[in-house]
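First up is the structure itself, then whatever we jot down about it.
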(Lines of atoms letter the chains of each structure in order from A and count residues from 1; the text may use other names and numbers.)
(Lines give C-alpha, C1' and ligand atoms only; values in the text may rest on other atoms or scores of the structure.)
Protein backbone atom coordinates (compact mmCIF):
# COMPACT_ATOMS: atom_id res chain seq x y z
CA UNK A 1 0.00 0.00 0.00
CA UNK A 2 2.85 2.34 0.87
CA UNK A 3 4.62 1.65 -2.46
CA UNK A 4 1.38 2.23 -4.35
CA UNK A 5 0.93 5.63 -2.71
CA UNK A 6 4.57 6.55 -3.27
CA UNK A 7 4.44 6.11 -7.04
CA UNK A 8 1.52 8.54 -7.26
CA UNK A 9 3.31 11.05 -5.05
CA UNK A 10 6.37 10.88 -7.29
CA UNK A 11 4.41 11.80 -10.42
CA UNK A 12 2.34 14.48 -8.66
CA UNK A 13 4.81 17.34 -9.40
CA UNK A 14 4.79 16.44 -13.11
CA UNK A 15 0.99 16.35 -13.15
CA UNK A 16 0.88 19.76 -11.45
CA UNK A 17 3.26 21.24 -14.04
CA UNK A 18 1.18 19.82 -16.93
CA UNK A 19 -2.03 21.18 -15.38
CA UNK A 20 -0.49 24.62 -14.88
CA UNK A 21 1.24 24.95 -18.26
CA UNK A 22 -1.05 23.01 -20.60
CA UNK A 23 -4.50 22.08 -19.28
CA UNK A 24 -5.33 25.35 -17.50
CA UNK A 25 -4.38 27.59 -20.49
CA UNK A 26 -6.47 25.34 -22.76
CA UNK A 27 -9.48 25.69 -20.48
CA UNK A 28 -9.00 29.45 -20.24
CA UNK A 29 -8.70 29.82 -24.02
CA UNK A 30 -11.91 27.83 -24.52
CA UNK A 31 -13.76 30.03 -22.02
CA UNK A 32 -12.37 33.12 -23.77
CA UNK A 33 -13.61 31.82 -27.15
CA UNK A 34 -17.17 32.09 -25.82
CA UNK A 35 -16.80 35.83 -25.13
CA UNK A 36 -16.54 38.86 -27.40
CA UNK A 37 -12.99 39.43 -26.18
CA UNK A 38 -11.82 42.66 -27.88
CA UNK A 39 -8.56 44.20 -26.66
CA UNK A 40 -9.65 47.60 -28.00
CA UNK A 41 -12.44 47.87 -25.40
CA UNK A 42 -11.78 49.03 -21.82
CA UNK A 43 -13.44 46.01 -20.23
CA UNK A 44 -11.93 42.61 -21.11
CA UNK A 45 -13.43 40.22 -21.91
CA UNK A 46 -16.77 41.66 -22.97
CA UNK A 47 -20.18 40.00 -23.02
CA UNK A 48 -20.77 36.27 -23.26
CA UNK A 49 -21.78 35.36 -26.85
CA UNK A 50 -21.66 31.56 -26.77
CA UNK A 51 -20.74 29.99 -30.09
CA UNK A 52 -21.00 33.14 -32.20
CA UNK A 53 -17.25 33.31 -32.74
CA UNK A 54 -17.25 29.74 -34.08
CA UNK A 55 -20.29 30.42 -36.28
CA UNK A 56 -18.70 33.57 -37.67
CA UNK A 57 -15.46 31.77 -38.54
CA UNK A 58 -17.19 28.80 -40.20
CA UNK A 59 -20.14 30.52 -41.90
CA UNK A 60 -19.21 34.16 -42.47
CA UNK A 61 -15.44 34.56 -42.78
CA UNK A 62 -13.80 33.74 -46.17
CA UNK A 63 -10.35 34.55 -44.74
CA UNK A 64 -10.72 31.67 -42.30
CA UNK A 65 -11.38 29.19 -45.10
CA UNK A 66 -8.49 30.63 -47.08
CA UNK A 67 -6.22 29.94 -44.10
CA UNK A 68 -7.66 26.42 -43.82
CA UNK A 69 -6.98 25.78 -47.52
CA UNK A 70 -3.44 27.18 -47.34
CA UNK A 71 -2.69 25.12 -44.22
CA UNK A 72 -4.14 21.97 -45.80
CA UNK A 73 -2.16 22.30 -49.04
CA UNK A 74 0.96 23.30 -47.13
CA UNK A 75 0.67 20.27 -44.84
CA UNK A 76 0.06 17.87 -47.72
CA UNK A 77 2.96 19.23 -49.79
CA UNK A 78 5.48 19.34 -46.95
CA UNK A 79 4.58 15.90 -45.61
CA UNK A 80 4.73 14.17 -49.01
CA UNK A 81 7.95 15.85 -50.16
CA UNK A 82 9.75 15.59 -46.82
CA UNK A 83 8.90 11.94 -46.16
CA UNK A 84 9.73 10.93 -49.75
CA UNK A 85 13.09 12.73 -49.71
CA UNK A 86 13.94 11.47 -46.21
CA UNK A 87 13.10 7.88 -47.17
CA UNK A 88 15.30 8.12 -50.27
CA UNK A 89 18.22 9.48 -48.26
CA UNK A 90 17.73 6.85 -45.55
CA UNK A 91 17.82 4.05 -48.12
CA UNK A 92 21.06 5.45 -49.53
CA UNK A 93 22.70 5.75 -46.12
CA UNK A 94 21.60 2.46 -44.58
CA UNK A 95 24.21 0.26 -46.33
CA UNK A 96 26.86 1.99 -44.20
CA UNK A 97 30.41 2.89 -45.08
CA UNK A 98 32.90 5.35 -43.70
CA UNK A 99 30.95 8.34 -44.98
CA UNK A 100 27.75 7.37 -43.16
CA UNK A 101 28.73 8.78 -39.75
CA UNK A 102 29.94 12.03 -41.31
CA UNK A 103 26.79 12.43 -43.40
CA UNK A 104 24.57 11.75 -40.38
CA UNK A 105 26.42 14.42 -38.42
CA UNK A 106 25.95 16.92 -41.25
CA UNK A 107 22.27 16.02 -41.55
CA UNK A 108 21.46 17.22 -38.05
CA UNK A 109 22.79 20.74 -38.70
CA UNK A 110 19.76 22.08 -40.67
CA UNK A 111 17.37 20.67 -38.04
CA UNK A 112 19.40 22.41 -35.31
CA UNK A 113 18.44 25.80 -36.82
CA UNK A 114 15.31 27.44 -35.45
CA UNK A 115 12.38 27.72 -37.91
CA UNK A 116 12.50 31.52 -37.60
CA UNK A 117 16.16 31.52 -38.63
CA UNK A 118 15.37 29.22 -41.55
CA UNK A 119 12.66 31.68 -42.66
CA UNK A 120 15.02 34.66 -42.49
CA UNK A 121 17.74 32.74 -44.36
CA UNK A 122 15.43 31.72 -47.19
CA UNK A 123 14.05 35.25 -47.39
CA UNK A 124 17.55 36.58 -48.07
CA UNK A 125 18.44 33.71 -50.41
CA UNK A 126 15.38 34.40 -52.58
CA UNK A 127 15.94 38.16 -52.70
CA UNK A 128 15.68 39.18 -56.41
CA UNK A 129 18.64 41.59 -56.18
CA UNK A 130 21.34 40.00 -54.05
CA UNK A 131 19.99 36.55 -53.14
CA UNK A 132 21.95 33.33 -53.51
CA UNK A 133 19.34 31.72 -55.78
CA UNK A 134 19.21 34.82 -57.97
CA UNK A 135 22.98 34.61 -58.49
CA UNK A 136 22.80 30.85 -59.12
CA UNK A 137 20.02 31.12 -61.69
CA UNK A 138 21.80 34.06 -63.30
CA UNK A 139 24.75 31.76 -64.02
CA UNK A 140 22.91 28.52 -64.82
CA UNK A 141 19.54 29.61 -66.26
CA UNK A 142 19.32 33.40 -66.82
CA UNK A 143 15.53 33.51 -67.54
CA UNK A 144 14.93 32.62 -63.87
CA UNK A 145 17.18 35.43 -62.61
CA UNK A 146 15.73 38.60 -61.05
CA UNK A 147 12.37 36.98 -60.33
CA UNK A 148 10.51 38.32 -57.31
CA UNK A 149 9.85 34.90 -55.83
CA UNK A 150 8.17 36.15 -52.67
CA UNK A 151 5.99 38.65 -54.52
CA UNK A 152 4.20 35.99 -56.55
CA UNK A 153 1.48 34.07 -54.63
CA UNK A 154 2.22 30.71 -56.28
CA UNK A 155 6.01 30.97 -56.02
CA UNK A 156 5.91 32.32 -52.46
CA UNK A 157 3.86 29.31 -51.34
CA UNK A 158 6.37 26.87 -52.82
CA UNK A 159 9.31 28.78 -51.33
CA UNK A 160 7.68 28.27 -47.91
CA UNK A 161 7.24 24.58 -48.68
CA UNK A 162 10.87 24.29 -49.82
CA UNK A 163 12.13 25.95 -46.65
CA UNK A 164 10.11 23.59 -44.47
CA UNK A 165 11.21 20.51 -46.40
CA UNK A 166 14.86 21.57 -46.17
CA UNK A 167 14.60 22.00 -42.42
CA UNK A 168 12.82 18.69 -41.70
CA UNK A 169 14.53 16.25 -44.08
CA UNK A 170 17.54 15.67 -41.75
CA UNK A 171 15.51 14.69 -38.68
CA UNK A 172 13.13 12.42 -40.56
CA UNK A 173 16.07 10.81 -42.38
CA UNK A 174 17.71 9.91 -39.08
CA UNK A 175 14.43 8.47 -37.75
CA UNK A 176 13.95 6.36 -40.90
CA UNK A 177 17.56 5.17 -40.78
CA UNK A 178 16.80 3.82 -37.31
CA UNK A 179 13.65 2.16 -38.63
CA UNK A 180 15.48 0.58 -41.56
CA UNK A 181 18.21 -0.69 -39.24
CA UNK A 182 15.53 -2.64 -37.34
CA UNK A 183 14.33 -4.48 -40.48
CA UNK A 184 15.63 -8.07 -40.22
CA UNK A 185 18.40 -8.73 -42.72
CA UNK A 186 17.46 -12.39 -43.12
CA UNK A 187 14.11 -11.56 -44.74
CA UNK A 188 15.82 -9.25 -47.23
CA UNK A 189 18.50 -11.81 -48.00
CA UNK A 190 15.87 -14.53 -48.42
CA UNK A 191 14.01 -12.40 -50.96
CA UNK A 192 17.25 -11.71 -52.83
CA UNK A 193 18.09 -15.43 -52.91
CA UNK A 194 14.65 -16.09 -54.41
CA UNK A 195 15.59 -13.73 -57.24
CA UNK A 196 13.59 -10.65 -56.21
CA UNK A 197 14.77 -7.38 -57.75
CA UNK A 198 15.79 -4.41 -55.62
CA UNK A 199 12.42 -2.74 -56.26
CA UNK A 200 10.49 -5.89 -55.26
CA UNK A 201 12.56 -6.23 -52.08
CA UNK A 202 11.82 -2.60 -51.23
CA UNK A 203 8.09 -2.84 -52.05
CA UNK A 204 7.28 -6.27 -50.64
CA UNK A 205 9.76 -6.66 -47.77
CA UNK A 206 11.29 -3.39 -46.57
CA UNK A 207 8.36 -0.96 -46.77
CA UNK A 208 5.76 -3.27 -45.13
CA UNK A 209 8.09 -3.78 -42.15
CA UNK A 210 8.89 -0.06 -42.08
CA UNK A 211 5.17 0.89 -42.20
CA UNK A 212 4.75 1.57 -38.43
CA UNK A 213 7.77 3.92 -38.40
CA UNK A 214 6.57 5.62 -41.59
CA UNK A 215 3.11 6.11 -40.06
CA UNK A 216 4.59 7.72 -36.94
CA UNK A 217 6.82 9.97 -39.09
CA UNK A 218 3.89 11.07 -41.28
CA UNK A 219 1.66 11.83 -38.28
CA UNK A 220 4.37 13.78 -36.45
CA UNK A 221 5.24 15.80 -39.55
CA UNK A 222 1.56 16.53 -40.17
CA UNK A 223 1.15 17.88 -36.63
CA UNK A 224 4.14 20.21 -36.97
CA UNK A 225 3.09 21.36 -40.46
CA UNK A 226 -0.45 22.15 -39.29
CA UNK A 227 0.79 24.45 -36.53
CA UNK A 228 3.64 26.10 -38.44
CA UNK A 229 3.97 29.81 -37.74
CA UNK A 230 7.41 31.29 -37.11
CA UNK A 231 8.99 30.13 -40.37
CA UNK A 232 6.14 31.49 -42.50
CA UNK A 233 5.99 34.67 -40.43
CA UNK A 234 9.68 35.44 -40.98
CA UNK A 235 9.68 34.38 -44.64
CA UNK A 236 6.53 35.95 -46.10
CA UNK A 237 4.43 37.19 -43.14
CA UNK A 238 1.47 35.46 -44.75
CA UNK A 239 1.86 37.31 -48.04
CA UNK A 240 1.65 38.30 -50.74
CA UNK A 241 -1.88 39.10 -49.67
CA UNK A 242 -3.02 35.97 -47.87
CA UNK A 243 -1.37 33.46 -50.24
CA UNK A 244 0.76 31.92 -47.47
CA UNK A 245 -1.37 32.75 -44.43
CA UNK A 246 -1.60 29.56 -42.38
CA UNK A 247 -4.09 29.07 -39.56
CA UNK A 248 -1.46 29.88 -36.92
CA UNK A 249 -0.60 33.13 -38.71
CA UNK A 250 -4.31 33.92 -39.10
CA UNK A 251 -4.83 33.45 -35.35
CA UNK A 252 -1.86 35.69 -34.56
CA UNK A 253 -2.95 38.30 -37.11
CA UNK A 254 -6.50 38.61 -35.75
CA UNK A 255 -5.57 38.27 -32.09
CA UNK A 256 -2.57 40.57 -31.75
CA UNK A 257 -2.97 42.98 -34.68
CA UNK A 258 -6.73 43.52 -34.57
CA UNK A 259 -7.22 42.64 -30.89
CA UNK A 260 -9.93 40.02 -31.56
CA UNK A 261 -8.77 37.68 -28.82
CA UNK A 262 -12.09 35.88 -28.38
CA UNK A 263 -12.41 35.19 -32.10
CA UNK A 264 -8.77 34.06 -32.32
CA UNK A 265 -9.30 31.68 -29.41
CA UNK A 266 -12.26 30.10 -31.21
CA UNK A 267 -10.20 29.61 -34.39
CA UNK A 268 -7.43 28.09 -32.30
CA UNK A 269 -9.89 25.59 -30.87
CA UNK A 270 -11.12 24.72 -34.37
CA UNK A 271 -7.46 24.08 -35.18
CA UNK A 272 -7.19 21.78 -32.16
CA UNK A 273 -9.67 19.28 -33.70
CA UNK A 274 -7.32 17.83 -36.37
CA UNK A 275 -4.49 17.99 -33.82
CA UNK A 276 -6.46 15.77 -31.42
CA UNK A 277 -7.20 13.27 -34.20
CA UNK A 278 -3.53 13.10 -35.25
CA UNK A 279 -2.30 12.92 -31.66
CA UNK A 280 -4.71 10.07 -30.92
CA UNK A 281 -3.50 8.21 -34.00
CA UNK A 282 0.12 8.79 -33.00
CA UNK A 283 -0.44 7.60 -29.42
CA UNK A 284 -2.33 4.54 -30.62
CA UNK A 285 0.50 3.57 -32.97
CA UNK A 286 3.25 4.17 -30.41
CA UNK A 287 1.57 2.34 -27.52
CA UNK A 288 0.45 -0.53 -29.74
CA UNK A 289 4.04 -0.94 -30.93
CA UNK A 290 5.33 -0.72 -27.35
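In this note's numbering, the protein residues as written are 66 to 355.
For glycine and all other residues, C-beta sits at the position ideal for the given N, C-alpha and C.
Taking just the CA atoms, how far does residue 116 sit from residue 109?
A direct Cα-Cα distance of roughly 18 Å separates residue 109 from residue 116.
Decide yes or no for the touch test of the segment 276–291 against the segment 184–201: beta carbon pairs closer than 8 Å, at least 3 of them.
no
How far does the alpha helix (DSSP H) with residue 88 in it extend, from its first residue to its last?
Premise fails: residue 88 is in no alpha helix (DSSP H) and is neither H nor E.
With DSSP as the reference, identify every bridge partner of residue 100, one or two as the case may be.
In DSSP, residue 100 forms a bridge with 113.
Please report the residue range of the alpha helix (DSSP H) in which residue 107 lies.
No alpha helix (DSSP H) contains residue 107, which DSSP labels as neither H nor E.
Using DSSP with H/G/I as helix, E/B as strand and the rest coil, what is residue 310?
coil
With C-beta atoms as the reference, is residue 313 less than 8 Å away from residue 289?
no
Report back the beta-carbon spacing between residue 142 and residue 224 to the nearest angstrom; my notes put them in contact at under 8 Å.
So it is not a contact: roughly 12 Å between Cβ atoms.
With a CB to CB cut of under 6 Å and the five nearest residues on each side skipped, what residues in its chain are close to residue 332?
122, 316
When we look at the beta-carbon of residue 128 and count the other beta-carbons within 10 Å, is it buried (16 or more) or exposed?
exposed
Mind checking which residues open and close the alpha helix (DSSP H) that includes residue 184?
180–190
Sort 218, 222, 191 by Cα distance to residue 209 and report the nearest one.
191
Could you tell me which residues DSSP puts in a beta bridge with residue 325?
103
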